[in-house]
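Protein chains: 2
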Amino acid sequence: MIEAEFISALRQLPLHRGAAGLADDAALLGTHVVTTDTLVEGVHFLSDDPPGDVAWKLVAVNLSDLAGKGAIPEGVLLNYPLSGDAWDRAFLAGLHASLAAMDCPLLGGDTVSLPPGAPRVLTMTAFGRDAAAPLRSGARAGDVLWVTGTIGDAGAGLAVARAGDCTGEGPMALLAAYRRPQPRLSEGRRLAPVARAMMDVSDGLLIDARRMAAASGLAVTIALDAVPLSPAYRAYSGDVMAAVTAGDDYQLLCALPPDQRPTGLATRIGSFAAGTGLHLTRAGVTVALPRDLGYEHRA
Amino acid sequence: MIEAEFISALRQLPLHRGAAGLADDAALLGTHVVTTDTLVEGVHFLSDDPPGDVAWKLVAVNLSDLAGKGAIPEGVLLNYPLSGDAWDRAFLAGLHASLAAMDCPLLGGDTVSLPPGAPRVLTMTAFGRDAAAPLRSGARAGDVLWVTGTIGDAGAGLAVARAGDCTGEGPMALLAAYRRPQPRLSEGRRLAPVARAMMDVSDGLLIDARRMAAASGLAVTIALDAVPLSPAYRAYSGDVMAAVTAGDDYQLLCALPPDQRPTGLATRIGSFAAGTGLHLTRAGVTVALPRDLGYEHRA
């Protein structure tokens with residue numbers, strides 16, 4: 000099964016009312032927002048990524064989902080495979096650094112052993128409070144699509160890591176975007192009260208924007224020339240189509256009514272209209288969709 | 000690192016007040032009890048265990064921790080590695096059956112892909128409410144140690160599964176205890192209000208009883224001849240030392256004041272006193288501890 004089929008099948012099970020039909024990145028449990036993400040060695044991180052960076056990323060991807068709800072992190076659970084002294088210690092150091100940086104305490108977890116040679120599989124579950132919690136399904140026709148930060152840096156950082164060539168300030172910045180992503184918690188707090196729909200960009204700008212449009216029953220059009228690229232990314236490749244289809248940005252994507260202009264906090268990149276699907280333009284002219292819009296898990 | 004070292008190191012991180020110093024199987028988040036457990040193929044289940052039974056066990060081990068708190072299950076999160084159509088479908092059927100049997104809805108989760116050939120790693124996080132929540136650290140000198148159900152069946156069931164010989168009613172019952180454990184939710188609800196300490200037995204009766212005693216700053220003595228064994232277990236081997244050191248029982252262990260006698264609900268197997276450590280007797284005579292008291296995760 001691919002991920003979408005599996006999630007469809009899960010919808011046949013008894014669902015909690017806070018599950019929101021499994022259509023969102025986070026669930027509601029009383030006054031808490033709950034989210035969980037798993038990272039797999041060889042899939043979500045490389046075997047030679049520094050263990051401290053893996054810890055950072057595990058925390059960041061989870062707290063990014065809380066940021067997408069405008070929530071304040073309250074605590075995390077860690078499911079950890081014991082990996083040998085050196086790896087474990089470096090992981091713990093990165094975990095400490097990331098939890099301290101994001102002001103989030105540890106609530107509990109579970110440790111296991113893996114069979115020798117098995118790829119590491121790490122899970123974190125994060126709890127947030129005071130969520131303004133706009134769902135991804137709340138966009139309306141006429142709403143404007145905004146995105147925080149810049150897009151594509153982490154994808155380029157992955158290429159830098161794979162090539163093993165990270166000399167220079169630009170490639171180092173891209174590598175940092177891949178290895179130590181910064182969840183947009185404060186931006187999420189400020190955008191959530193005015194957003195009609197919000198989510199974090201984890202699998203790629205195009206695929207995630209299409210998901211927001213589909214959940215809202217709308218079409219979305221993105222102006223590729225409006226997508227914010229960093230100076231480091233422009234120097235590295237500047238390929239906007241690569242940027243909008245790469246994963247791991249952990250920026251926030253939100254639909255705002257046209258009278259809301261969070262300048263300085265986000266960049267306007269598109270708009271919602273009646274209809275279906277994702278549409279791209281460049282200099283006002285329609286552009287064909289790339290074959291892969293982003294990252295989807297397959298069995 | 001071994002599990003205990005890793006958990007010690009985690010205690011140096013910023014901890015949530017509901018983490019109870021990471022000394023318990025469950026944490027408190029507002030009015031909810033939270034627990035999480037990971038199952039690893041080749042460690043916690045066998046590669047040829049039926050996928051539906053793996054699903055059942057994943058739900059059961061998590062809800063058993065809620066039972067240990069006397070809580071009512073409210074929902075679960077599932078972190079699932081896509082495993083191919085047949086495995087996924089059989090897993091979903093077992094998940095549906097177990098959640099329905101234990102009256103617990105799905106709240107959310109995450110699906111991932113694993114590299115080819117990687118052992119499956121499955122995580123579930125469970126939420127409960129209305130916990131009476133006695134910690135494992137609350138036993139007092141003079142308290143009596145009680146256990147629900149019978150001990151050792153799942154351990155013998157694992158041996159039956161490994162031998163591939165499950166003909167006959169007895170071996171089938173042992174196999175069922177291993178593959179489809181029943182969390183003691185209703186027993187937990189009834190025992191929690193009168194228990195001074197309570198926990199589920201997951202790694203083995205002896206190691207878990209010693210953990211309760213250590214957390215309570217006491218010594219515990221267990222009368223081996225009082226440990227309840229099932230007719231199927233007596234017919235299979237009857238070895239009490241094997242039973243009390245085997246894992247996966249998912250019964251409840253609790254410390255009760257001497258005037259509480261939950262006859263019919265649990266069996267009296269020992270007592271707490273000032274001092275430290277675990278002590279065993281048989282026919283009133285002290286017996287040496289076995290080398291391994293139960294299951295501990297090692298890197």
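For the protein sequence lines, the chains are W and G, in the order given. In terms of numbering that gives the first Met the number 0, the first sequence opens at residue 0 and continues consecutively. In terms of numbering that gives the first Met the number 0, the second sequence opens at residue 0 and continues consecutively. Glycine included, every Cβ here is placed at the ideal spot set by N, Cα and C.
Since residue i meets chain W, which of its residues come closer than 8 angstroms, beta carbon to beta carbon?
i: F271(G); result: Correct list: empty, because the minimum Cβ distance to chain W is about 26 angstroms.
i: I6(G); result: T110
i: F44(G); result: The contacting residues do not exist; F44(G) stays about 12 angstroms from chain W at best.
i: G29(G); result: G29, T30 and H31
List the residues of chain G whose Cβ lies closer than 7 angstroms to the Cβ of residue i, in chain order.
i: S229(W); result: Result: empty, since nearest Cβ-Cβ is about 28 angstroms, beyond 7 angstroms.
i: M171(W); result: Simply none; closest approach about 28 angstroms.
i: M0(W); result: L81, D84 and D87
i: T275(W); result: Ordered by position in chain G, no residue passes the 7 angstroms Cβ test against T275(W), which lies about 25 angstroms from the chain.
i: A26(W); result: L106 and G107
i: T124(W); result: T35, L76 and T124
For residue i, write down the residues that DSSP places opposite it in a beta bridge.
i: Y79(G); result: T110(G)
i: W145(G); result: C253(G) and R267(G)
i: V200(G); result: Q250(G)
i: M31(W); result: Correcting the residue identity first, residue 31(W) is His in this sequence and not Met. DSSP lists L28(W) as partners of H31(W).
i: L105(W); result: V75(W) and L14(G)
i: M123(G); result: D36(G) and L77(G)
i: I206(W); result: Answer by DSSP bridge pairing: none, since I206(W) is not bridged.
i: I6(G); result: DSSP lists no partner for I6(G).
Helix, strand or coil for residue i per DSSP?
i: H43(G); result: coil
i: V193(G); result: coil
i: D224(W); result: helix
i: R128(G); result: strand
i: I150(W); result: coil
i: G116(G); result: coil
i: A282(W); result: coil
i: G237(G); result: coil
i: T262(G); result: strand
i: A22(W); result: coil
i: G216(W); result: coil
i: A70(W); result: coil
i: A242(G); result: helix
i: A273(W); result: coil
Between residue i and residue j, how many whole angstroms is the CB-CB distance? I'm expecting something under 8 angstroms.
i: A96(W); j: G51(W); result: 7 angstroms
i: A117(W); j: P256(G); result: That pair is no contact at about 46 angstroms.
i: G299(G); j: A26(G); result: In the structure as shown, chain G starts at 0 and stops at 298, and residue 299(G) therefore has no counterpart that could be examined.
i: L121(W); j: Y177(W); result: Not a contact, Cβ separation roughly 17 angstroms.
i: A172(W); j: A231(W); result: 4 angstroms
i: G74(W); j: H15(G); result: 4 angstroms
i: L12(W); j: L98(G); result: 6 angstroms
i: I206(W); j: G293(W); result: 3 angstroms
i: F90(W); j: A59(W); result: The Cβ separation is near 14 angstroms, so there is no contact.
In chain W, which residues lie with their C-beta within 9 angstroms of the C-beta of residue i?
i: A18(G); result: G74, P104, L105, L106 and G107
i: V364(G); result: Summary: the structure shown does not reach residue 364(G), with chain G confined to residues 0 through 298, and so no result is reported for it.
i: R190(G); result: This sequence places Leu at residue 190(G); Arg is not what is there. Ordered by position in chain W, no residue passes the 9 angstroms Cβ test against L190(G), which lies about 22 angstroms from the chain.
Mind listing the chain G neighbours of residue i? Cutoff is C-beta to C-beta under 9 angstroms, in chain order.
i: A99(W); result: L12 and P13
Using a cut-off of 7 angstroms between C-beta atoms, extract the partners of residue i located in chain W.
i: L94(G); result: L12
i: A130(G); result: Residues of chain W passing the Cβ test: none, with the nearest at roughly 14 angstroms.
i: L21(G); result: G107
i: D36(G); result: D109
Which residues in chain G have a C-beta closer than 8 angstroms to the C-beta of residue i? List them in chain order.
i: H278(W); result: Under the 8 angstroms cutoff, chain G gives no residues; its nearest Cβ is about 28 angstroms from H278(W).
i: D47(W); result: The contacting residues do not exist; D47(W) stays about 15 angstroms from chain G at best.
I'd like to confirm something about residue i: is its beta-carbon nearer than 7 angstroms to some heavy atom of the ligand GTP, or not?
i: G156(G); result: No copy of the ligand GTP appears in this structure; indeed no ligand is present at all.
*Should the region 261-270 of chain W be called in touch with the region 185-199 of chain W, which here means at least 3 C-beta pairs below 8 angstroms?*
yes
*Segment contact, 8 angstroms Cβ cut-off, at least three pairs: the region 221-230 of chain G with the region 99-111 of chain G*: no
*If we count Cβ pairs, one from each stretch, closer than 8 angstroms, do we get three or more for the region 153-169 of chain W versus the region 67-87 of chain G?*
no
_If contact is defined by three or more beta carbon pairs under 8 angstroms, each pair taking one atom from either stretch, is the region 198-215 of chain G in contact with the region 157-166 of chain G?_
no
_Check whether the region 236-248 of chain W and the region 142-150 of chain W are in contact - that is, three or more C-beta pairs closer than 8 angstroms._
yes
*Count the C-beta pairs between the region 57-70 of chain G and the region 198-206 of chain G that are closer than 8 angstroms, then say yes if the count reaches three, no if not.*
yes
*May I ask you to verify whether the region 170-184 of chain G touches the region 281-289 of chain G, counting CB pairs closer than 8 angstroms and requiring at least 3?*
no
*Are at least three pairs of beta-carbons, each pair with one atom in the region 124-139 of chain G and one in the region 129-146 of chain W, less than 8 angstroms apart?*
no
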